[in-house]
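The structure appears right after this line, and notes come after that.
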């Protein structure tokens, strides 16, 4: 999310910035250490040239200055001048001013920077010889040092930044692995995280997260237990109430008003029984209560044939043609959960199929392995953009139809527990086609 602080960016700021500053300081020190000896070498060469020329002037007099000359080197220019103790020019270039002291100095001649060396002529009553040389070679060496240092600093800086980036990424890798482990978990996986391979700095985070998972798991178990207890407690009195209402309906069959009231109560009782059974199915389909040891080979055709018999009367009361196309299909499953899956699919189809419609239930073994269960109706169907929503809990697309919106959610959960793929498509000729492909 944008706007949130990043640990990686903060680490890079605190590491890369100081490293670049230190690297820049090291570059400046390297420049000084490289340029100072080179400059001293140039000065020493110029000083020796001035001393040698002064020795020749001592031997041959001022006239020897013009004849002697100084080797300027490739691309350089030289000037020389001889002054007496009072600063008068005795010989050489008039561009050179009378020197004030013996040694090295900087000046400008003919619009160009020069380095000047002043030497005293031995035994000459204070005569001083000045030799000036341009700094082109010095500047070339200086530029070469700067170019080399810039190149090295860029390479070193990039290498250090890359090393810091890699180190920061490697240091944050445990966080990435922890996030990947959390992302890979299902919404119902509340098992504590394994902290055996966690860095010491992450242990408090993992411990806090495990404690949170424990509290969530305890709350989920309490809800499941409450739901299961309520459903179990409701089944017996609802069944007894149904018997009493049926007895009352039979006894007062001749009284239209009483019969109508009893029929309404029977209808409400049937809805409550169905919702209670769905709560029990939902409780059985919870992943944390599911044990794969209960899976056993069973014939899907036999299970569907037994389940569909309970809906014959309901289909007949609405003139719905309830048929089946059953072929032997062996699956590994839990008989009670698969019975709930079939019941909810058939009940859903009957509820949304109009009077005089058709519902077909079929199963068969697939050629490539596995089995397929399908429930087809010629009802209004479900728009493509709403097909994902119908498998969510408490979602009902038709508010005029009685139901809690749990049936297809139970089907989805049971299919997931069996590793089956649940899909919804348009039936040929209109309506909805639910298919469950078992591995």
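Numbering (our numbering), first residue to last: 234 to 672.
Here a beta-carbon is modelled for each residue, glycine too, at the ideal position from N, C-alpha and C.
Worksheet item: To which residues of the same chain is residue 528 closer than 8 Å at the C-beta, ignoring the five residues directly before and after it?
Response: Residue numbering aside, residue 528 sits at position 295 when the chain shown is read from its first letter. Result list for residue 528: 565, 566, 567, 651, in chain order.
Item to complete: Could you name the residues of the same chain whose beta carbon sits closer than 6 Å to that of residue 658, not counting the 5 residues immediately before and after it, in chain order?
Response: Counting from one through the chain shown, the residue named residue 658 turns up at place 425. Once the five neighbours on either side are set aside, the close Cβ partners of residue 658 are 666.
Discussion item. Given this structure, state the Cα-to-Cα distance separating residue 592 from residue 614, to the nearest angstrom.
Written reply: As a working note, residue 592 is residue 359 in the chain shown. As a working note, residue 614 is residue 381 in the chain shown. Straight-line Cα distance between these residues: approximately 12 Å.
Worksheet item: So, is residue 571 buried or exposed, given that buried needs 16 or more other C-beta atoms within 10 angstroms?
Response: The residue labelled residue 571 in the question sits at position 338 within the chain shown. The residue in question, residue 571, is buried, as its Cβ has 16 or more Cβ neighbours within 10 Å.
Practice prompt. Out of 371, 414, 454, state which residue places its alpha-carbon closest to the alpha-carbon of residue 442.
Written response: As a first step, residue 442 is located in the chain shown; it is residue number 209 there, counting from the start. If we check each option's Cα against that of residue 442, 414 comes out closest.
Discussion item. Spatial neighbours of residue 350 within its chain, please: C-beta separation below 6 Å, excluding the five flanking residues on both sides.
Written reply: Within the chain shown, the letter at position 117 stands for residue 350. Around residue 350: 279, 280, 283, 337, 364.
Worksheet entry | Alpha-carbon spacing of residue 561 relative to residue 542, whole angstroms | What you label residue 561 is simply residue 328 of the chain shown in a count that begins at 1. What you label residue 542 is simply residue 309 of the chain shown in a count that begins at 1. Those two C-alpha atoms are separated by around 18 Å.
Worksheet item: Per DSSP, what kind of secondary structure is residue 651 in: helix, strand or coil?
Response: Residue 651 sits at position 418 when you count from the first residue of the chain shown. In this structure, residue 651 counts as coil in the three-state DSSP scheme.
Worksheet item: Beta carbon of residue 374, beta carbon of residue 271: below 8 Å?
Response: Counting from 1 along the chain shown, the entry for residue 374 is found at position 141. Counting from 1 along the chain shown, the entry for residue 271 is found at position 38. Cβ distance < 8 Å, so residue 374 and residue 271 count as in contact.
Worksheet entry | Cut-off 6 Å between Cβ atoms - residues of its own chain near residue 604, not counting five sequence neighbours on either side | In the chain shown, residue 604 corresponds to position 371, counting from 1. Result list for residue 604: 533, 562, 564, 598, 671, in chain order.
Worksheet entry | Same chain only: Cβ atoms within 8 Å of residue 291, ignoring 5 sequence neighbours per side | As a first step, residue 291 must be located in the chain shown, where it is residue number 58. Counting only Cβ-Cβ distances below 8 Å, and skipping sequence neighbours, we find 354, 355, 356, 357.
Worksheet entry | Inter-residue spacing [alpha-carbon to alpha-carbon] between residue 404 and residue 395 | Locating residue 404 in the chain shown gives position 171, counting from the first residue. Locating residue 395 in the chain shown gives position 162, counting from the first residue. When rounded, the distance between both Cα atoms is 14 Å.
Discussion item. Alpha carbons only, please: which of 393, 401, 432, 398 is nearest the one belonging to residue 735?
Written reply: Since the displayed the chain opens at 234 and closes at 672, residue 735 lies outside it and no answer follows.
Practice prompt. Classify residue 635 as helix, strand or coil using the three-state DSSP reduction.
Written response: Working through the chain shown from its first residue, we reach residue 635 at position 402. Any reading at residue 635 must be qualified, since the residue scores a pLDDT of 49, below 50, and its modelled position is unreliable; no value is offered.
Worksheet item: Are residue 298 and residue 325 touching if we call contact CB-CB under 8 Å?
Response: Taking the first residue of the chain shown as 1, we reach residue 298 at position 65. Taking the first residue of the chain shown as 1, we reach residue 325 at position 92. In this structure, residue 325 lies closer than 8 Å to residue 298 by Cβ.
Worksheet item: Going along the chain, which unbroken runs of the beta strand (DSSP E) with 3 or more residues stay wholly within the segment 343-381?
Response: 345-353, 361-367
Worksheet item: Does DSSP put residue 234 in a helix, in a strand, or in coil?
Response: As a working mapping, residue 234 is identified with position 1 in the chain shown. Because the pLDDT at residue 234 is just 45, under 50, the model does not fix this residue reliably, and the value given afterwards should be weighed accordingly. Here residue 234 sits in coil by DSSP.
Practice prompt. Within its chain, find whatever has a CB closer than 8 Å to the CB of residue 309; leave out the 5 residues flanking it on each side and keep chain order.
Written response: Within the chain shown, the letter at position 76 stands for residue 309. Closer than 8 Å at the Cβ level, and outside the excluded window around residue 309, lie 366, 367, 369, 370.
Practice prompt. Measure from the alpha carbon of residue 242 to the alpha carbon of each residue in 397, 311, 256, then state which is nearest.
Written response: Here the question's residue 242 lines up with position 9 in the chain shown. Comparing Cα positions, the closest option is 397.
Discussion item. Comparing C-alpha positions only, which one of 381, 621, 625, 331 sits nearest to residue 359?
Written reply: Here residue 359 refers to the residue found at position 126 when the chain shown is read from its first residue. Per the Cα distances, 331.
Discussion item. Assuming residue 269 is part of the alpha helix (DSSP H), what are its boundary residues?
Written reply: Numbered from its first residue, the chain shown carries residue 269 at position 36. Per DSSP, the continuous alpha helix (DSSP H) segment holding residue 269 begins and ends at 240-293.
Worksheet item: Do residue 382 and residue 274 have their C-beta atoms within less than 8 Å of each other?
Response: Translated into the one-based positions of the chain shown, residue 382 becomes position 149. Translated into the one-based positions of the chain shown, residue 274 becomes position 41. No, they are not a contact pair.
Worksheet entry | Every unbroken beta strand (DSSP E) within the segment 308-332, with a cutoff of 3 residues, ordered by chain | 311-316, 322-325
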